[in-house]
């Protein structure tokens, strides 16, 4: 069900991706980016991108990349998205657990999320359950359309 | 003395840049990157790069870029380098103060350093003096050639 994301997969997922970035609740992405730009950010710049598919429908996706270079290249970074209709089924957890295994197979020793918006309580709860810790909080880091400037958390997990 | 960095300026500074990344004490950059790759990372990917010059000698430099996109695009990120012979003269402070002014002129509301290596005590002292706070610490984030895996700090300052 989880396979490397093709350009076709990304096109199928694009309506969800676009709705997520336009909502500006979770991602520090340009809400007006084109599908081509989004494909570059999600699938081409990262090392890997995966799709969670059921019956040729893409219900979720994640990317994995190094979070820095050289002496810090052992820390990776991932981002996850799940379509609205498929939430509450554990897909984000499945994707995160898959990403940790892929990261370990690639030799990464830790995973870091650079911007977990403080209002995104469901994500924070899930990442904590999966062993990630809040290691820092960036004040007024995210311009939320309803809440104004709110904090973002940096979350981190050592992989073993 | 501080001007936008040209390709020629960067070439003049390259021996210092290369010695800094090869030493692997401060930057999470690939220590083996070429001058062309370094020019891209320092001058082309960022919004701006500046050179501190005296008599056509480049003694220091910094880059400035957005640290994220969309709802977090009001936070910038900078990196600074000073040549070994010119250290202890306040050039890093001058560059940092210049960068804060440039950032404000460009509309940024905060500046974030994503990886200040914990052994780099001089830098940490200077950033604290200039109003930056440690907002988080990444465990074992930097593979130091002498000290092994050591922590890095995330430092942040609201600009007003």
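Protein chains in written order, with our numbering: chain A, 1 to 160; chain B, 161 to 320.
Note that the Cβ used here is the ideal one computed from N, Cα and C, for glycine as well.
query: Spell out the partners DSSP gives residue 237 (chain B) in its beta bridges.; result: B:225
query: Which same chain residues, not among the five before or five after residue 244 (chain B), have their C-beta less than 6 Å away from its C-beta?; result: none
query: In chain order, what residues of the same chain have a beta carbon less than 6 Å from the beta carbon of residue 246 (chain B), not counting five sequence neighbours either side?; result: 219
query: For the segment 42–63 of chain A, which residues have a CB atom closer than 7 Å to at least one CB atom of chain B, in sequence order?; result: none
query: Could you give the distance in angstroms between the alpha-carbon of residue 52 (chain A) and the alpha-carbon of residue 74 (chain A)?; result: 26 Å
query: Below 8 Å on the Cβ atoms is my guess for residue 110 (chain A) versus residue 64 (chain A); work out the distance and round it to an integer in Å.; result: The pair is not a contact, with the Cβ atoms about 13 Å apart (cut-off 8 Å).
query: Which value, in whole angstroms, describes the spacing of the CA atoms of residue 185 (chain B) and residue 26 (chain A)?; result: 34 Å
query: Reducing DSSP to helix, strand and coil, say where residue 188 (chain B) ends up.; result: coil
query: Under 8 Å Cβ to Cβ from residue 228 (chain B), same chain only, skipping five residues before and after it: list those, please.; result: 235
query: Hey, which unbroken runs of the alpha helix (DSSP H) at 4 residues or more fall wholly within the segment 77–146 of chain A?; result: 91–105 and 121–129
query: Taking contact to mean at least 3 C-beta pairs separated by less than 8 Å, is the segment 256–268 of chain B in contact with the segment 171–182 of chain B?; result: no
query: Taking Cβ to Cβ, would you say residue 142 (chain A) is nearer than 8 Å to residue 117 (chain A)?; result: yes
query: Reducing DSSP to helix, strand and coil, say where residue 193 (chain B) ends up.; result: coil
query: Given a threshold of 16 other Cβ atoms within 10 Å of its Cβ, counted over all protein chains shown, does residue 282 (chain B) qualify as buried or as exposed?; result: exposed
query: At a Cβ threshold of 8 Å, is residue 29 (chain A) touching chain B?; result: yes
query: List the whole-angstrom C-beta distance separating residue 97 (chain A) from residue 49 (chain A), where the pair is believed to meet the contact cut-off of C-beta under 8 Å.; result: In fact, because the Cβ distance is near 17 Å, the residues do not count as touching under 8 Å.
query: How many angstroms separate the CA atom of residue 160 (chain A) from the CA atom of residue 100 (chain A)?; result: 10 Å
query: Looking at chain B, is there any beta carbon in it that lies within less than 8 Å of the beta carbon of residue 35 (chain A)?; result: no
query: Looking at the structure shown, is residue 158 (chain A) part of a helix, part of a strand, or coil, going by DSSP?; result: strand
query: Is residue 34 (chain A) buried or exposed, if buried means 16 or more other CB atoms sit within 10 Å of its CB?; result: exposed
query: Shortest alpha-carbon distance to residue 189 (chain B) belongs to which of A:19, A:124, A:153 and A:66?; result: A:66
query: Could you check if residue 312 (chain B) is buried or exposed, using at least 16 other CB atoms within 10 Å of its CB as the buried criterion?; result: buried
query: Taking the CB atoms as reference points, tell me whether residue 92 (chain A) and residue 102 (chain A) lie closer together than 8 Å.; result: no
query: Considering only the alpha carbon of each residue, which of A:89, A:90 and A:95 lies closest to residue 78 (chain A)?; result: A:95
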